[in-house]
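*Asks:* Sharing a structure here in structure tokens format.
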Amino acid sequence: MADQTFRLPDLGEGLTEAQLVTWRVQEGGHVEVNEPLCDVETAKAVVVIPSPWVGTIQKLHARPGESVAVGSALVTIAAEGAPAAVEPRPAEGVEATPSTLVGYGAGAGPQAGSRRRARVAPSAQQAGGDVRAAPFVRQLAKEKGVDLARLTGSGPDGRITRADVEAAASGATAPTPAAATTSTDGERRISVVGIRKAIARQMVRSVSTIPQFTEFAVFDATNLLAARQRQKQSGRSLTPLPYFIVALVKAVRAFPLMNSSWDEARDEIVVKQAINLGIAVNTSQGLLVPVLRGADQLDLSAIADQSARLIEGARAGTLKPGEMSGGTITITNVGASGPVETGTPIISPPECCVVAFGAIKPRPMVIDGEVVARSGAWISISVDHRIVDGALATEFLTALVGELEHLHA
Amino acid sequence: MADVVQVVGTDDPVRPLFTAAGELKADARNGLGLDAAALRDLYQKMILIRRADQEALNLQRQGELGLWGQYLGQEAIHVGAVAALEANDWIFPSYREFGMAMCRGVDPAEMLTWFRGLSHGPWDPRKYAFAPLAVPVATQVPHAVGFAMGSRLRGSDDVVLGTFGDGATSKGDWHEAMNFAGVFKAPVILLCQNNHWAISVPLAKQTAGSIAERAPGYGFPGIRIDGNDVLGVFAAVRAAAERARRGDGPYLIEAMTYRMGAHTSSDDPTRYRLDSELQTWSAKDPIARYRSWLQGQGHLDDAAAAAIDRAAETMAEQMRSRLRAAVPAPAGEAIFDRVYERPPGPFIEEREEFEASLEGT
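So the protein lines, in turn, are chains A and B.
Residues 1 to 409, numbered by our numbering, are exactly what the first sequence covers, in order.
Residues 410 to 770, numbered by our numbering, are exactly what the second sequence covers, in order.
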């Protein structure tokens with residue numbers, strides 16, 4: 001018996017990280033060779049990693065939802081029949097990273113035949129690729145323990161040159177820690193990976209390419225609540241979401257431009273046939289948007305079933321990538337908790353429209369000249385102004401309010 | 410599957426063996442001349458190469474291989490085609506023909522060193538009459554045709570099998586090879602493994618017509634057959650090889666199959682194809698079908714099947730342990746070896762700079 005640590009391999013020709021989706025084993029459990037250890041999601045695919053050894057699981061080094069860098073410890077196994085592994089002794093404050101992409105996964109310890117010393121792990125900034133430097137210079141920086149992200153390049157377009165690295169190395173007495181997260185003035189730096197990075201990219205794309213505006217309305221939810229009550233009496237309790245979706249689908253059918261996208265390459269508007277509704281879900285990993293496909297073909301009950309399954313799957317991290325892509329319009333709920341009434345949602349590119357619903361609660365409304373308490377909620381829509389003008393957005397929002405106020409399912 | 414246009418004056422010994430739908434006819438199946446041991450051997454080979462495929466994927470997931478391209482579902486073609494050839498008949502594969510190489514006797518553990526990035530060519534092509542894997546799409550097809558033309562010029566009666574996927578048939582190389590094969594009556598069997606997907610491009614977007622029916626345009630016959638029937642593939646390749654050996658020229662076989670796995674270990678087919686399609690083809694799994702036929706014929710009992718499964722496990726364990734003990738990683742500067750016989754100046758400088766960069770490390 002000897003503890004062996006299995007490090008995350010590069011699963012897809014040049015990947016730098018993967019996100020742990022789920023463990024299929026637990027600490028203390030027994031595992032056979034090739035028995036599934038975990039599912040991880042890379043930029044390319046969700047894959048199952050089989051165990052390289054037979055033995056007892058000593059330690060799981062990552063939690064579901066966490067990003068794991070290629071070469072980092074994934075699982076430690078007390079492997080049966082394995083020779084005592086000599087753990088590589090990394091330099092202080094420096095995590096040893098295997099030097100090749102292949103062959104360090106299992107069984108290739110320090111005896112693997114490399115004539116090089118353990119390398120300094122690249123910093124997050126280097127892994128992110130924002131630094132401009134030739135491979136040769138990167139290699140040199142690694143060897144000398146110079147963090148390229150902290151250098152200002154003197155070459156063309158800010159490229160870091162060999163001279164820059166050598167100058168920095170002669171001044172530096174100790175290697176820079178691998179993932180420096182705290183600087184001397186107390187700032188913290190968090191490396192952005194996985195879902196956070198994907199959200200950031202999508203949001204930047206939205207606000208930098210889509211001229212969008214937002215309109216607000218309040219609707220009277222009396223009929224919606226009555227419909228829910230009738231549904232409850234017939235044996236099924238539904239959340240307001242399926243009702244919102246039913247109303248939204250009807251309004252979108254009347255205003256097909258809301259279900260379209262702007263083709264930037266050809267300056268054309270592409271009106272979609274099917275309504276594939278993205279549902280924004282807050283999860284422990286961040287915001288995910290599973291897609292309810294063909295929402296226009298579904299009745300209330302099917303919408304309730306499928307949206308519940310998608311939301312649950314998003315939270316559990318069990319959805320396939322195909323279930324989180326291909327949306328044509330998005331719905332988000334800003335009133336799930338707390339005092340927030342509404343917001344200005346950001347369009348999920350390349351869609352044209354995003355609709356936000358607030359919480360249904362009693363609020364003062366003027367009916368026949370009298371202020372009365374009625375249940376209601378805010379709705380806001382953000383739309384792509386290249387496709388939709390304010391007048392049309394108002395007509396759509398009016399239609400949506402009308403559908404919501406006249407629900408009788 | 411429409412009939413191909415008959416090429417006037419061309420003898421076609423393959424077509425009479427098959428129905429119009431590409432299924433091997435019952436009398437042809439019974440007339441193959443394979444005894445029970447030979448029939449079982451085809452089964453054993455399919456089991457072994459499938460197990461090797463799975464083990465290689467596991468090893469890739471464990472960081473032992475850089476890449477793996479599964480041939481899951483295409484075993485009948487790999488086994489049937491190789492069994493139909495003589496040992497001297499050269500095979501020119503693409504990158505998914507690991508199973509064919511195994512059938513030729515190439516050691517699976519050694520072969521994996523290629524996918525581990527340790528070797529440019531882990532086996533001696535001359536020893537196995539098996540050319541190096543070709544990763545660029547369709548480049549092996551002109552090689553196969555040229556080699557076959559060479560065989561004819563030498564007066565040898567060896568024939569050549571060039572194999573490729575449906576995607577390759579869209580490449581210029583493929584058309585050039587087909588044309589040369591026809592004009593020079595090269596003794597070559599052009600075996601298309603039509604697995605319906607070229608990475609994420611479905612067959613319907615690959616070609617608007619039939620691949621097999623293109624052959625008459627180049628002056629030789631072609632046929633579309635069921636590629637998930639090992640005996641059908643065997644019968645077609647053997648008849649086409651005999652024809653080529655007689656000097657009657659090339660033959661195009663379009664073997665219909667399905668890539669049940671991903672394109673490679675870097676690919677996620679769930680992003681572009683439906684589960685239902687995979688279910689449909691799983692029902693036509695070449696191994697399950699052949700096992701049930703063998704059992705029906707009384708050629709495979711449970712004990713024999715279990716022994717074959719055990720042999721597959723042993724082989725997989727050996728692949729694993731021998732790969733890990735395989736040749737050590739070559740030194741980095743080895744990438745400069747074998748590029749030029751007489752390296753030019755800039756290349757030498759590059760090598761020197763690289764070697765200097767390794768100094769003191």
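Don't be surprised by glycine CBs; every beta carbon is placed ideally from N, CA and C.
What you are looking at is a predicted structure, and each value in this text was computed from that prediction instead of being measured.
List, in chain order, every chain A residue whose beta-carbon is nearer than 9 Å to that of Asp-676(B).
*Replies:* Translated into positions along the second sequence, residue 676(B) becomes position 267. What Asp-676(B) touches in chain A: Gly-12, Lys-44 and Ala-45.
*Asks:* What are the partner residues of Glu-17(A), as DSSP defines its beta bridges?
*Replies:* If you number the first sequence from 1, residue 17(A) lands on position 17. Glu-17(A) pairs with Ala-69(A).
*Asks:* With DSSP as the reference, identify every bridge partner of Trp-23(A), one or two as the case may be.
*Replies:* What you label residue 23(A) is simply residue 23 of the first sequence in a count that begins at 1. According to DSSP, which records beta bridges pairwise, Trp-23(A) is partnered with Cys-38(A).
*Asks:* Got a sec: is the Cβ-Cβ distance from Lys-320(A) to anything in chain B below 9 Å?
*Replies:* Start at 1 with the first residue of the first sequence, and residue 320(A) comes out as number 320. Yes, its Cβ sits closer than 9 Å to a Cβ of chain B.
*Asks:* Could you name the residues of the segment 585 to 609 of chain B whose beta carbon sits closer than 9 Å to any beta carbon of chain C, in the order they occur along the chain?
*Replies:* The structure shown contains no chain C; its protein chains are A and B.
*Asks:* List in chain order: all unbroken alpha helix (DSSP H) runs of 4+ residues lying wholly within the segment 570 to 625 of chain B.
*Replies:* Listed in chain order, the complete alpha helix (DSSP H) runs (minimum 4 residues) inside the segment 570 to 625 of chain B are 581 to 592 and 612 to 615.
*Asks:* Identify, in the order they occur along the chain, each residue of the same chain with its Cβ nearer than 6 Å to the Cβ of Arg-231(A), setting aside the five sequence neighbours on each side.
*Replies:* Walking along the first sequence from the start, residue 231(A) turns up at place 231. As written in the sequence, residue 231(A) is Gln, which differs from the Arg given in the question. Result list for Gln-231(A): Leu-238, in chain order.
*Asks:* I'd like to check one pair, Ser-260(A) with Thr-328(A): are the Cβ atoms closer than 9 Å?
*Replies:* To locate residue 328(A), count along the first sequence from 1; it is residue 328. To locate residue 260(A), count along the first sequence from 1; it is residue 260. Contact flag set, yes.
*Asks:* Check for me: the beta strand (DSSP E) holding Ser-382(A) runs from which residue to which?
*Replies:* Locating residue 382(A) in the first sequence gives position 382, counting from the first residue. Per DSSP, Ser-382(A) belongs to the beta strand (DSSP E) from 370 to 384.
*Asks:* According to DSSP, simplified to helix, strand and coil, what is Gly-489(B)?
*Replies:* Numbered from its first residue, the second sequence carries residue 489(B) at position 80. Gly-489(B): helix per DSSP, three-state reduction.
*Asks:* If you check the beta carbons only, do Gly-482(B) and Gly-670(B) fall under 9 Å apart?
*Replies:* Within the second sequence, the letter at position 73 stands for residue 482(B). Within the second sequence, the letter at position 261 stands for residue 670(B). Result yes, Cβ atoms of Gly-482(B) and Gly-670(B) sit closer than 9 Å.
*Asks:* Hey, quick one: how far does the alpha helix (DSSP H) through Ala-648(B) stretch, first residue to last?
*Replies:* Along the second sequence, one-based indexing puts residue 648(B) at 239. First-last of the alpha helix (DSSP H) with Ala-648(B): 639 to 654.
*Asks:* Measuring only between beta-carbons, confirm whether Val-146(A) sits less than 9 Å from chain B.
*Replies:* Counted from its first residue, the first sequence places residue 146(A) at position 146. Output row for Val-146(A): interface = no.
*Asks:* Have a look at Leu-457(B), Pro-425(B) and Asp-582(B) and flag the residue whose alpha-carbon is nearest the alpha-carbon of Glu-722(B).
*Replies:* For this step, residue 722(B) is matched to residue 313 along the second sequence. The option with the nearest alpha carbon to Glu-722(B) is Leu-457(B).
*Asks:* Jot down the residue ranges of each uninterrupted alpha helix (DSSP H) in the segment 207 to 284 of chain A, minimum 4 residues, whole runs only, in chain order.
*Replies:* Runs of the alpha helix (DSSP H) inside the segment 207 to 284 of chain A: 222 to 233 and 240 to 254.
*Asks:* Going along chain B in order, which residues have a C-beta closer than 7 Å to the C-beta of Asn-34(A)?
*Replies:* Looking up residue 34(A) in the first sequence gives position 34. Neighbours of Asn-34(A) on chain B, chain order: Asn-467.
*Asks:* As a quick exercise: from Asp-582(B), Met-511(B), Asp-516(B) and Thr-679(B), pick the residue whose alpha carbon is nearest that of Ile-608(B).
*Replies:* For the purposes of this step, residue 608(B) is identified with residue 199 of the second sequence, where counting begins at 1. That would be Thr-679(B), whose Cα lies nearest to the Cα of Ile-608(B).
*Asks:* Mind pulling the chain A residues with CB within less than 9 Å of Ser-766(B)?
*Replies:* Here the question's residue 766(B) lines up with position 357 in the second sequence. Residues of chain A passing the Cβ test: Phe-136, Gln-139, Leu-140 and Glu-143.
*Asks:* If we call anything under 9 Å between Cβ atoms a contact, is Leu-292(A) one with Leu-298(A)?
*Replies:* Counting from one through the first sequence, the residue named residue 292(A) turns up at place 292. Counting from one through the first sequence, the residue named residue 298(A) turns up at place 298. It is a contact, given that the beta carbons lie within the stated cut-off.
*Asks:* For Met-558(B), I'd like the list of residues in its chain whose CB is within less than 6 Å of its CB, leaving aside the five on either flank, ordered along the chain.
*Replies:* As a first step, residue 558(B) must be located in the second sequence, where it is residue number 149. Phe-593 and Ala-595.
*Asks:* Out of Val-371(A), Gly-14(A) and Ile-347(A), which one is the CA nearest neighbour of Thr-209(A)?
*Replies:* Stepping through the first sequence from its first residue, residue 209(A) is reached at position 209. Out of Val-371(A), Gly-14(A) and Ile-347(A), Ile-347(A) has the C-alpha closest to the C-alpha of Thr-209(A).
*Asks:* Which of the residues in the segment 470 to 486 of chain B, read from start to end, lie with their CB under 7 Å from any CB of chain A?
*Replies:* Against chain A - using a Cβ distance shorter than 7 Å - the residues of the segment 470 to 486 of chain B are Arg-470, Gln-471, Gly-472, Glu-473, Leu-474, Gly-475 and Leu-476.
*Asks:* Taking 9 Å as the threshold (C-beta atoms), are Leu-527(B) and Gly-489(B) in contact?
*Replies:* Here residue 489(B) refers to the residue found at position 80 when the second sequence is read from its first residue. Here residue 527(B) refers to the residue found at position 118 when the second sequence is read from its first residue. Taking 9 Å as the Cβ cut-off, Gly-489(B) and Leu-527(B) do not qualify as a contacting pair.
*Asks:* Spatial neighbours of Val-646(B) within its chain, please: CB distance less than 8 Å, with the 5 preceding and 5 following residues excluded, ordered by chain position.
*Replies:* Position 237 of the second sequence holds residue 646(B). Cβ neighbours of Val-646(B) beyond the five flanking positions: Gly-489, Ala-490, Ala-493, Leu-494, Leu-570, Ile-598, Leu-600 and Ile-662.
*Asks:* Specify whether the segment 501 to 513 of chain B and the segment 678 to 692 of chain B touch according to this definition: at least 3 beta carbon pairs, one from each stretch, less than 8 Å apart.
*Replies:* Segments in contact, no.
*Asks:* Within 10 angstroms of the Cβ of Tyr-749(B), are there 16 or more other Cβ atoms? Answer buried if so, exposed if not.
*Replies:* Here residue 749(B) refers to the residue found at position 340 when the second sequence is read from its first residue. When all chains shown are included, Tyr-749(B) counts as exposed.
*Asks:* Go to Leu-140(A), then tell me how far its alpha helix (DSSP H) extends in each direction, as first and last residue.
*Replies:* As a first step, residue 140(A) is located in the first sequence; it is residue number 140 there, counting from the start. Here the alpha helix (DSSP H) through Leu-140(A) covers 135 to 144.
*Asks:* Go ahead and label Val-383(A) buried or exposed: buried means 16 or more other beta carbons lie within 10 angstroms of its beta carbon, across all protein chains shown.
*Replies:* Position 383 of the first sequence holds residue 383(A). Buried.
*Asks:* Since Leu-392(A) contacts Ile-331(A) with CB under 8 Å, what's their CB separation in whole angstroms?
*Replies:* Counting from 1 along the first sequence, the entry for residue 392(A) is found at position 392. Counting from 1 along the first sequence, the entry for residue 331(A) is found at position 331. Incorrect: roughly 19 Å between the Cβ atoms, too far for contact.
*Asks:* What's the gap between the Cα of Cys-512(B) and the Cα of Leu-767(B)?
*Replies:* To locate residue 512(B), count along the second sequence from 1; it is residue 103. To locate residue 767(B), count along the second sequence from 1; it is residue 358. So the two alpha carbons sit approximately 42 Å from each other.
*Asks:* How is Ser-565(B) classed by DSSP in three states: helix, strand or coil?
*Replies:* On the second sequence, residue 565(B) is found 156 positions in, with the first residue counted as 1. Here Ser-565(B) sits in coil by DSSP.
*Asks:* Could you run through the segment 442 to 453 of chain B and flag, in chain order, every residue whose CB is less than 7 Å away from some CB of chain A?
*Replies:* Those residues of the segment 442 to 453 of chain B that come within reach of chain A (Cβ to Cβ, closer than 7 Å) do not exist; the list is empty.
*Asks:* With a threshold of 6 Å on Cβ separation, who are the neighbours of Phe-643(B) within its own chain once the five nearest residues in sequence on each side are excluded?
*Replies:* Residue mapping note: residue 643(B) aligns to position 234 of the second sequence, counting from 1. Taken in chain order, the residues that qualify are Gly-489, Ala-492 and Ala-493.
*Asks:* What first and last residue would you give for the beta strand (DSSP E) that runs through Tyr-803(B)?
*Replies:* Nothing can be reported for residue 803(B), as the shown portion of chain B is limited to 410 through 770.
*Asks:* Just the Cα atoms here: how many angstroms apart are Pro-775(B) and Phe-556(B)?
*Replies:* Since the first residue of chain B shown is 410 and the last is 770, residue 775(B) is not available in this structure.
*Asks:* Across which residues does DSSP place Thr-56(A) in a beta bridge pair?
*Replies:* As a working note, residue 56(A) is residue 56 in the first sequence. Thr-56(A) pairs with His-30(A) and Ala-78(A).
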